[in-house]
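Our numbering numbers the first residue of the sequence shown as 104 and each following residue consecutively.
Glycine included, every Cβ here is placed at the ideal spot set by N, Cα and C.
Every value quoted in this text rests on a predicted model; they were computed, and no experiment measured them.
First the structure, in the form of structure tokens, and then the observations on it.
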Amino acid sequence: MRILRAAEYRSMPWKNGGGVTTEIAVSPAGAALDDFDWRVSMARVESGGPFSEFAGVDRSLAVLEGVGIILDIAGHPAATLTKTSAPLSFAADVPTQAALIAGPITDLNVMTRRGRMTHAVDRLVISAPADIQSAADATLILCVDGEITVAGAAPVRIGPRDTLLLGPDALSQRLEPARPATLFVIRIDRVAAND
Numbered sequence: 104m105r106i107l108r109a110a111e112y113r114s115m116p117w118k119n120g121g122g123v124t125t126e127i128a129v130s131p132a133g134a135a136l137d138d139f140d141w142r143v144s145m146a147r148v149e150s151g152g153p154f155s156e157f158a159g160v161d162r163s164l165a166v167l168e169g170v171g172i173i174l175d176i177a178g179h180p181a182a183t184l185t186k187t188s189a190p191l192s193f194a195a196d197v198p199t200q201a202a203l204i205a206g207p208i209t210d211l212n213v214m215t216r217r218g219r220m221t222h223a224v225d226r227l228v229i230s231a232p233a234d235i236q237s238a239a240d241a242t243l244i245l246c247v248d249g250e251i252t253v254a255g256a257a258p259v260r261i262g263p264r265d266t267l268l269l270g271p272d273a274l275s276q277r278l279e280p281a282r283p284a285t286l287f288v289i290r291i292d293r294v295a296a297n298d
């Protein structure tokens, strides 16, 4: 178990140069935009325009802050995302245009290299202790708002935008919110090799 503190995240330009992203975690550690297996980041979107394309990558997007965004993904109907919407999954190598609904947003991006890794992203709001299953190769729990205590022999507190990173042996974590808290649970698995 590792705690990734929001103050320690790394910021860098978007691939298309249109803004700045804040990288929460990447694998392998230190990987660049063209050779990661998986990557979890947040981005402040100030205006509409094209999304960066990533060849051979699957992506999930969710709104953390702001009113929302409308995505026009080539070959698909337009999708509207707000802070209460389920995360949207789509191929990151398909041309995608974004339009903001009413002002800037901050989004969560989860990307995995197709054929090597898969991912699932769930939004949870908890107001009482909750057990989060984490049998994936990597599980990240992003606290969007509120504070959460990770129970155990040495309880740890995580605050807004902090992330709990769990390996495959963690199995389950008990999370105790100080008040209702919004979380994103991100499960990442390696694709099994064909025999």
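For a quick check, are the C-beta atoms of residue i and residue j less than 8 Å apart?
i, j, result
"L211", "L167", "yes"
"T199", "L174", "yes"
"D292", "M214", "no"
"R264", "C246", "yes"
"G224", "F287", "Residue identity check: residue 224 is Val in the sequence provided, not Gly. Contact flag set, yes."
"L203", "G151", "yes"
"I289", "V143", "yes"
"I261", "I251", "yes"
"P271", "A239", "yes"
Whole angstroms is fine: what's the gap from residue i's alpha carbon to residue j's?
i, j, result
"A181", "P207", "19 Å"
"G249", "E279", "11 Å"
"M220", "W141", "7 Å"
"Q276", "E126", "24 Å"
"H222", "S163", "8 Å"
"A256", "L269", "16 Å"
"P153", "A165", "17 Å"
"G133", "K118", "16 Å"
"A194", "G159", "8 Å"
"E111", "P283", "25 Å"
So is residue i buried or exposed if we call it buried at 16+ other beta carbons inside 10 Å?
i, result
"T187", "exposed"
"V170", "exposed"
"P190", "buried"
"M145", "buried"
"S114", "exposed"
"A201", "buried"
"I244", "buried"
"D298", "Interpretation of D298 is limited by its pLDDT of 47, a score under 50 that renders its predicted location unreliable; no figure is taken from the coordinates."
"L267", "buried"
"A295", "exposed"
"P237", "Reading off the sequence, residue 237 comes out as Ser, not Pro. Buried: at least 16 other Cβ atoms inside 10 Å."
"V148", "buried"
Grab the span of the beta strand (DSSP E) containing residue i for me, first residue to last.
i, result
"R293", "284-293"
"A194", "191-194"
"L203", "199-203"
"P116", "113-116"
"R264", "Looking at the DSSP string, R264 is not in any beta strand (DSSP E), and its letter there is neither H nor E."
"A239", "A239 -> no beta strand (DSSP E), and no H or E assigned at all."
"V148", "141-148"
"D210", "208-216"
Please classify residue i: does DSSP put it in a helix, a strand, or coil?
i, result
"A128", "strand"
"A158", "coil"
"A110", "helix"
"A223", "strand"
"E279", "strand"
"D175", "strand"
"E168", "strand"
"P153", "strand"
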